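Read the structure below first, then the notes.
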């Protein structure tokens, strides 16, 4: 059953690819604007790289959240999904997973490429990939709570930002910390482990909160 | 099998209805009549379990539906005012995916048979956004055919349908009732079904 919901969301995303590409372009543009704006001073670029990559990932993720449930809510498919004899928890896990594959994985893939503009070493670029791999699912999971709570509300985008950004801060701190450690020649492992722990916590609690929020929004 | 006990519903400050009681057994259907805004859709959503009533409860075979949760959802099929179909998918995909998500796997062949029954076989490979309103409604109704649900909860099922479509819908519902099914229908026009015990509610 999980297969069906993931497959469904993947096909739908493929048929509306422009939405998905927009998030990717946003990420690339934001990250690339900094070296252009600040100048080629390598030391400075290396200092800001961790924050810039992670803030861009965060903002791009937030922009994509409307797509998670919004479309289904508007055409009435969301309530159909909630009326199936499947635990809402699993449905949420499936949708969030598909959303992550479509909205966040492209960021993870492109990040080392745009990271080259910051004069980072190969090792650091690898850490960027791992850090994003561990952190972006958390962004999708936490973001799904905000998306579910603000369904159908008028200023949904602004509200999602207010709800979700504070919860994103730990992800930002640990993620950027991992990259920074690597740039400084230290081991990124402690930060990556913290990211992994956040991921486990998010995987356990977020879908439950999101499905409760969905039931409220659909009422 | 389905019982509504002392249901009351409020929309904001307004009390839409209160003290509503009825029960529905196999082979019977309930028509909820009322003008726009009288609470027909709200009643249906309470029966589905999507909304909680302001007071009272709904019971399925003696147990509160709140308690049954997903077990109850397995017994119902809801066709809302909105069709719940995806514009980007064609009818075959729409049907197979919505069944698959519900845990009911339909092969391509089976889906095509269902679509033929509702008169959509020529359109089966067109994305749903290219279908007319009546065709989309037929697609929404096709889900009922593919579902094992015993209770059909229908909100204005004849909306957007032409005469053929309306006849088709009536036949589908009548057949369902003849097979020991049940239905609750919100409508502003008489259903005139050829089978089933009817009950009426005026909201």
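Protein chains in written order, with this note's numbering: chain A, 1 to 219; chain B, 1001 to 1203.
We treat Cβ as the ideally placed atom computed from N, Cα and C, and that holds for glycine.
Keep in mind the model is a prediction, meaning the values are calculated, not measured.
- In this chain, the alpha helix (DSSP H) harbouring residue 7 (chain A) covers 2-15.
- Taking 9 Å as the threshold, the shortest C-beta distance from residue 4 (chain A) to chain B falls below it.
- Checking the DSSP bridge columns, you'll see residue 1197 (chain B) partnered with B:1028.
- The residues 1106, 1146, in chain order, have a CB closer than 6 Å to that of residue 1099 (chain B) in the same chain once the five nearest residues on each side in sequence are set aside.
- Nearest Cα to residue 1074 (chain B) within the set A:213, A:80, A:85: A:85.
- Using a CB distance below 8 Å, the part of the region 82-98 of chain A facing chain B consists of 82, 83, 84, 85, 86, 87, 91, ordered along the chain.
- A straight line joining the alpha-carbon of residue 1102 (chain B) with that of residue 1 (chain A) spans about 7 Å.
- Every unbroken stretch of the beta strand (DSSP E) spanning 3 or more residues and falling wholly within the region 1035-1063 of chain B is given here in chain order: 1055-1060.
- For residue 75 (chain A), the nearest beta carbon of chain B is closer than 9 Å to its own beta carbon.
- Within the same chain, 1134, 1137, 1138, 1168, 1169 come within 8 Å of residue 1161 (chain B) by CB-CB distance, once the 5 residues on both sides are set aside.
- Proximity to residue 1088 (chain B) across B:1173, B:1176, B:1125, B:1113 peaks at B:1125, based on C-alpha coordinates.
- Interface annotation, residue 1103 (chain B): in contact with chain A, CB-CB separation under 9 Å.
- A straight line joining the alpha-carbon of residue 162 (chain A) with that of residue 103 (chain A) spans about 21 Å.
- Note that the C-beta distance between residue 178 (chain A) and residue 188 (chain A) is below 9 Å.
- Closest in C-alpha terms to residue 1158 (chain B), from the list B:1140, B:1149, B:1175, comes B:1140.
- Distance from the CA atom of residue 194 (chain A) to the CA atom of residue 167 (chain A), rounded to whole angstroms, is 15 Å.
- Within 7 Å of the CB of residue 1 (chain A), the CB atoms of chain B belong to 1101, 1103, in sequence order along the chain.
- For the region 1043-1070 of chain B, the set of residues with a beta-carbon nearer than 7 Å to any beta-carbon of chain A comprises 1048, 1050, 1051, 1070, in chain order.
- Counting only Cβ-Cβ distances below 9 Å, residue 1073 (chain B) has contacts in chain A at 82, 83, 84, 85, 86, in chain order.
- In chain B, no part has a C-beta under 7 Å from the C-beta of residue 20 (chain A); the shortest such distance is about 13 Å.
- Fewer than three Cβ pairs drawn from the region 81-95 of chain A and the region 153-162 of chain A lie within less than 8 Å of each other, which leaves the two stretches out of contact.
- Residue 39 (chain A) sits in coil when the DSSP states are folded into three classes, being neither helix nor strand.
- Among the residues of chain A, none has a CB under 9 Å from the CB of residue 1147 (chain B); the nearest is roughly 10 Å distant.
- Interface residue (Cβ-Cβ distance to chain A less than 9 Å): residue 1081 (chain B) is classified as such.
- In the DSSP assignment, residue 1005 (chain B) falls within the beta strand (DSSP E) that extends over 1002-1011.
- Residue burial is scored here from C-beta neighbours: residue 1178 (chain B) has fewer than 16 other C-beta atoms within 10 angstroms and is therefore classed as exposed.
- The alpha-carbon separation between residue 1188 (chain B) and residue 1024 (chain B) amounts to approximately 20 Å.
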